[in-house]
Amino acid sequence: MLIAKDKLIGAIIVVVGALLGIIYVLGSLVDFLMTTSLFGGLENGFDITSSWLGVDLFDWRLFVVAPMTLVVVLVAIIAVWIGYSMLTTPAPVPLEELEEELAAEEEELSIEDEEDEE
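For the sequence shown, position 85 (counting from the first letter as 1) is numbered 84 according to numbering that gives the first Met the number 0, and the numbering increases by one without interruption.
Written as structure tokens, this is what we have:
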């Protein structure tokens, strides 16, 4: 069974988009949260005003990592959506077949019109 070229490209886009999204989230946001939370270390102790579960809410790195992670995840979701659309969309009908079908339909309509006139 041969798979169409556009379906193969769509499948590759789905896999690459999903993998990039997962790897980026694990490598950026999850890594940042693990190194700055209760698991990584609290240099300043527990400060109720600026931390939640040990994550410093006013750390500049959080303001860089979180939006960039959101952008990468959104791009990955769009890539997966495009790939899925390419994968599930049926291949277009070749022009020769389409012209033959249209000619056959016109012939049927002209035969029906002739029968109706009689």
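Backbone N, C-alpha and C fix where the C-beta goes; we use that ideal spot for every residue, glycine too.
Beta-carbon contacts of residue i that lie in its chain and below 6 Å, excluding the five residues immediately before and after
{"i": "A10", "result": "L86"}
Inter-residue Cα distance where the pair is residue i and residue j
{"i": "P89", "j": "E100", "result": "18 Å"}
{"i": "I2", "j": "G20", "result": "26 Å"}
{"i": "V71", "j": "K4", "result": "27 Å"}
{"i": "E96", "j": "L108", "result": "18 Å"}
{"i": "A17", "j": "I8", "result": "14 Å"}
{"i": "E105", "j": "P93", "result": "19 Å"}
Residue i, buried or exposed, once every other Cβ within 10 Å from all chains shown has been counted against 16
{"i": "G26", "result": "exposed"}
{"i": "A102", "result": "exposed"}
{"i": "F62", "result": "exposed"}
Own chain residues within Cβ distance below 7 Å of residue i, not counting five before or after
{"i": "V13", "result": "V79, G82, Y83 and L86"}
{"i": "V24", "result": "T68 and V72"}
{"i": "K6", "result": "M85 and L86"}
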